[in-house]
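In my numbering, the protein residues as written are 76 to 803. In what follows, a single structure is set out as C-alpha cells and then discussed.
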C-alpha cells in the first residue's frame, strides 16, 4: 500500500512539472504555432451572407469586404468631421455640370439648371490584385481555369485547391465593370433602385441585360458585361473613367467610398460563373477578390474567418496629420509608415457574450464591447458623468474608447401587414393610431437605462446626432410621443396610449370586431440570455396596453429573407450611416426604396407621397436653411405616421488591451484594420501572466488521499493484530 501511494505521488508531481514546462497556457484556444505572431484576434456573431460587393450591405459583412475591396475614395482615418480622400484615385474626382444641350455650366450653377453631372476619376498605376486563379494563363496565353472540365473539378473543393495563382494590374475598366454589375439580372443589389435614378441609362441597361441573359447558349452562365454598353459609364483610358448622373447629387462622392463602387475584374466574374464552381459554393460571394490590404484565406462562417495580408498590396502610408489631441494620444506615432501593420486577422464566431468577455479578460481577444452584465466590472463614472475604466481594468492596461455612433436602432412596423400597416384607408388610419400607441408605451428611456447602461439617447426621428438636419432640445422632440415639461422631454402617459389604442379599434387590447385579444408578432435574431431578458422586457411594454406579443426568433440570414419578402410584422433592426448626410437616414423610408419588390433599404415598406416628393427635392440640395426646412417637414410626416418605433441612438464603448494600438473608433469608415497595430510580444507576456496555471490544488490531492488512508491503515493493523491473538 505504501508503494502505491508513493507511485501515485510521483505521477502527480511529474504531470505538474511537465505541464508547467509547456510553452502554452492550458486554456489557450489558439494553435501553438501562432504564439508571438503578428495577428489580430477578433470575433463575429452572425455569419456573413454576401461578400460580393454589389450585394453586400450589412455591418457583419462590411467588416470583411472593406478590408478586401478598394473603391476609389476613402475617409481620412483621423480627421473629424469626416473628410473624403483618395484611395486608389490619384486625386479627388473632377465634377463637371451640364445643361440639357450639353453645355458645361459653372460650379456655382443652380441645381435646377443642371441636367447632368459628370465625375471623372483617374486611378493610380501599379496597383495589383491579390493572387487568384482567375488570372492564370498557360504558355499559349489561354485562360487556365476559365473552362474547367469535370476531371479538374473532381479535385476542387475550395479556392485554395487550385495549384496556380496570378495577378494583374488594376484598370479603369474594372470600376466600370462593377458599375454595370449593379444592373445584373442574377444579382440583387440593394442600391440598384437608388442608383437607377441617378446613373444615366442604368434602368435601360438592366432591361438589356435581362434580355441578353435569355439569349445565352444553353448551360452558359457567364454574361459578359463588356459586350454591353452602359451610357452612364465610360472608359477614357487605362487609368481613367467617367460616371454620368442625372442632375446634381452632391452625395454621390460618398458612394464612391463604398464597396459598391469597388473594382471587379471581368476575369473573376468569368471564373466564378462556371456551373461546376457555383455548385461547390466557390463564388464571389464566398471568395472575394480585391486589391485591398487583406485577402480572405479561410471562410468557415460557422466557426472562423481569416484575413491575411495581400502580398501584392500597393504602397499606402499612415496619416501624418490628425486632429488636436491625436499626437498626445499616440495616434501619430506611426505617421508616414507603410500600411498595413498587422499580418493576419482571425475572426472567431462567438454567439454568447460571456465566452467573448472571458476570453477578452484572459487576453485571447484584443478588444471587446461591453455588455450590460459586465458594464459595472468594466466602467465607472467620474466627474461630470465622464466614463473611464475601473481600477481592475486599469491595472491590466485596458483602456476605454468612446464615440457617438452615427447610427440608430429601431423597431419597424411592416406597412404591408394588414394589422400594423393596413390595406385600405380605414385600416391604415387604425394601424397608424395603433403604431402611435405602441410608440408611447415602449419606454426606451427605461430600455437604455437597463440594457445599455445609459449609453444612448432616445431617438426622436431617424436622423442621428452629429448629422446635418438633426434637431436638439424642444424643437427636436417627437410631439406624438413626448411633451416638453420643465425644459426636457417627457414621455406621454400610458392613458394617452390606451386612448389611441381604443381609437384604433382595440379598447384595452381587445379587437372590437372579433372580441379576441390583439396578438402581434415580433421577429428577432435573439441568441443570448441577455437577448431573452430584452424580449421579456419588450413583452411587458406591450402588456401595458394588454397586447400579447409573440416573439419569433431566427438566425440572421433567415431574418433577412423574411424582411426581404415582407413576411415579418414587427421587427427590430438598426442602421449605421454609410456617409455623414441626412439623406443616408431619410432614404430608409423613401417609397421607391421599398424592400419588397424593389430590394431597397426601406425595410418597413413605407410609402408616403408627400414624403417621397420632399425626399426627391431634398436629396440634391446643398446644406442650408432651405434644406433644413424640408427635412423638418419630412421628419414631421414620419412622426405622425410612425412607421418606426424610433428606438435610440447608441454611444459606442469599446475596451482595448494595451498592446492594441492606433485605434480611433468610428462607424463611417470601415477599412480601418490597415491602420491598427499589435505588440505581439507584450500580448504574449500578459497572456502568460494572466493565465498562469495554479498547481497547489493538484498537489493537495495525494496529501488528502494519504490522510484518508491513515484510519484505514490503523483499522487494518488492529484487525491483523486481533486475528493473530485469536490464532495463538
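In this text, a Cβ means the ideal position worked out from N, Cα and C, and glycines have one as well.
Alpha-carbon to alpha-carbon, residue 131 and residue 211: Translated into positions along the chain shown, residue 211 becomes position 136. Translated into positions along the chain shown, residue 131 becomes position 56. Going from the Cα of residue 211 to the Cα of residue 131 covers about 27 angstroms.
Other residues of its chain near residue 172: CB distance less than 6 angstroms, five sequence neighbours each side excluded: Counting from 1 along the chain shown, the entry for residue 172 is found at position 97. Around residue 172: 180, 184, 189, 192.
For residue 243, three-class secondary structure by DSSP: The residue given as residue 243 occupies position 168 in the chain shown. The answer is coil: DSSP assigns residue 243 none of H, G, I, E or B.
Contact set for residue 464: own chain, Cβ-Cβ below 8 angstroms, skip 5 residues either direction: By one-based count along the chain shown, residue 464 stands at place 389. Taken in chain order, the residues that qualify are 453, 454, 455, 473, 474, 475, 730.
Enclosing beta strand (DSSP E) for residue 651 [first to last residue]: For the purposes of this step, residue 651 is taken as the residue at position 576 of the chain shown. Note, residue 651: beta strand (DSSP E), 645-651.
Those runs of the alpha helix (DSSP H) which lie wholly inside the region 268-310 and span at least 4 residues: Note on the region 268-310: whole alpha helix (DSSP H) runs with a minimum of 4 residues are 277-289, in chain order.
Same chain, Cβ closer than 7 angstroms to residue 385, neighbours up to 5 away in sequence not counted: Numbered from its first residue, the chain shown carries residue 385 at position 310. A distance below 7 angstroms between beta-carbons, with the five flanking residues on each side excluded, links residue 385 to the following residues of its chain, in chain order: 205, 367, 368, 369, 370.
Coil, strand or helix - residue 219 by DSSP: To locate residue 219, count along the chain shown from 1; it is residue 144. Look at residue 219 here: in three-state DSSP terms it is coil, with no helix or strand label.
Inter-stretch contact at 8 angstroms, needing at least 3 Cβ pairs: the region 333-343 / the region 357-365: Enough Cβ pairs lie closer than 8 angstroms, so yes.
Span separating the alpha-carbon of residue 102 from that of residue 619: Here residue 102 corresponds to residue number 27 of the chain shown, with the count starting at 1. Here residue 619 corresponds to residue number 544 of the chain shown, with the count starting at 1. For residue 102 and residue 619, the distance between alpha carbons rounds to 47 angstroms.
Contact the region 547-566 vs the region 491-506: 3+ CB pairs below 8 angstroms: The answer is no - the region 491-506 does not touch the region 547-566, with fewer than three Cβ pairs under 8 angstroms.
Exposure label - residue 654; buried when at least 16 CB within 10 Å: For this step, residue 654 is matched to residue 579 along the chain shown. By the 10 Å Cβ count, residue 654 comes out buried.
Residue 326 (DSSP reduced to helix, strand or coil): Numbered from its first residue, the chain shown carries residue 326 at position 251. When secondary structure is reduced to three states using DSSP, residue 326 falls in the coil class, being assigned neither helix nor strand.
Residue span of the beta strand (DSSP E) that contains residue 16, given as start and end: Nothing can be reported for residue 16: it is not among the residues displayed for the chain, which extend from 76 to 803.
Short Cβ contact (8 angstroms threshold) for residue 139 with residue 148: Residue 139 sits at position 64 when you count from the first residue of the chain shown. Residue 148 sits at position 73 when you count from the first residue of the chain shown. No.
Residue 519 and residue 715 closer than 8 angstroms at C-beta: In the chain shown, the residue the question calls residue 519 occupies position 444. In the chain shown, the residue the question calls residue 715 occupies position 640. Not a contact, by the Cβ cut-off of 8 angstroms.
Bridge partner(s) assigned by DSSP for residue 528: Residue mapping note: residue 528 aligns to position 453 of the chain shown, counting from 1. Residue 528 pairs with nothing; no bridge assigned.
Inter-residue Cα distance where the pair is residue 758 and residue 764: The count along the chain shown starts at 1 and reaches residue 758 at position 683. The count along the chain shown starts at 1 and reaches residue 764 at position 689. The C-alpha of residue 758 lies about 10 angstroms from the C-alpha of residue 764.
At least 3 beta-carbon pairs within less than 8 angstroms: the region 528-548 vs the region 658-677: With the cut-off at 8 angstroms, the region 528-548 and the region 658-677 touch.
Range of the contiguous alpha helix (DSSP H) that encloses residue 719: Translated into the one-based positions of the chain shown, residue 719 becomes position 644. That residue, residue 719, is in no alpha helix (DSSP H); its beta strand (DSSP E) goes 719-731.
For residue 607, the residue or residues it bridges with in DSSP: One-based indexing of the chain shown puts residue 607 at position 532. As far as DSSP is concerned, residue 607 takes part in no beta bridge.
Residue 575: CB within 7 angstroms of a non-hydrogen atom of the ligand SAM: The model on display carries no ligand, and the ligand SAM is accordingly not part of it.
Cβ distance (whole Å) where residue 284 is taken to contact residue 303 below 8 angstroms: Mapped onto the chain shown, residue 284 falls at position 209. Mapped onto the chain shown, residue 303 falls at position 228. Indeed they touch by this definition, with Cβ atoms about 6 angstroms apart.
Cα-Cα separation between residue 432 and residue 449, rounded to whole angstroms: Residue numbering aside, residue 432 sits at position 357 when the chain shown is read from its first letter. Residue numbering aside, residue 449 sits at position 374 when the chain shown is read from its first letter. Residue 449 has its alpha-carbon roughly 8 angstroms from the corresponding atom of residue 432.
Same chain only: Cβ atoms within 8 angstroms of residue 96, ignoring 5 sequence neighbours per side: Residue mapping note: residue 96 aligns to position 21 of the chain shown, counting from 1. Per-residue confidence for residue 96 stands at a pLDDT of 47, beneath the threshold of 50, marking its modelled position as unreliable; no derived number is given.
Where the alpha helix (DSSP H) through residue 341 begins and ends: Along the chain shown, read from residue 1 onward, the residue named residue 341 stands at position 266. 341-347 is the span of the alpha helix (DSSP H), which, as asked, contains residue 341.
Inter-residue Cα distance where the pair is residue 680 and residue 521: Locating residue 680 in the chain shown gives position 605, where the first residue counts as 1. Locating residue 521 in the chain shown gives position 446, where the first residue counts as 1. Counting only the Cα atoms, residue 521 lies some 28 angstroms from residue 680.
Among 756, 755, 738, 743, nearest to residue 749 - alpha-carbon criterion: Against the chain shown, residue 749 aligns to sequence position 674. Selected option, being the one with the closest Cα: 738.
Simplified DSSP state of residue 55, which is helix, strand or coil: As shown, the chain starts at 76 and ends at 803. That puts residue 55 outside it, with no answer to give.
For residue 587, the first and last residue of its enclosing beta strand (DSSP E): Sequence index remark: in the chain shown, residue 587 carries index 512 (1-based). Premise fails: residue 587 is in no beta strand (DSSP E) and is neither H nor E.
Same chain only: Cβ atoms within 7 angstroms of residue 325, ignoring 5 sequence neighbours per side: For this step, residue 325 is matched to residue 250 along the chain shown. Around residue 325: 697.
7 angstroms CB neighbourhood of residue 571 in its chain, flanking five on each side removed: Position 496 of the chain shown, counting from 1, holds the residue named residue 571. These residues qualify, in order along the chain: 515.
Straight-line gap, residue 110 to residue 116 (C-alpha atoms, nearest Å): The sequence position of residue 110 within the chain shown is 35, counting from 1. The sequence position of residue 116 within the chain shown is 41, counting from 1. Cα-Cα distance, rounded: 12 angstroms.
Where the alpha helix (DSSP H) through residue 462 begins and ends: Within the chain shown, residue 462 is the residue found at index 387, counting from 1. It is not in any alpha helix (DSSP H) - residue 462 instead sits in the beta strand (DSSP E) that spans 461-464.
Residue range of the alpha helix (DSSP H) that includes residue 701: As a working note, residue 701 is residue 626 in the chain shown. Run containing residue 701: 700-716, per the alpha helix (DSSP H) assignment.
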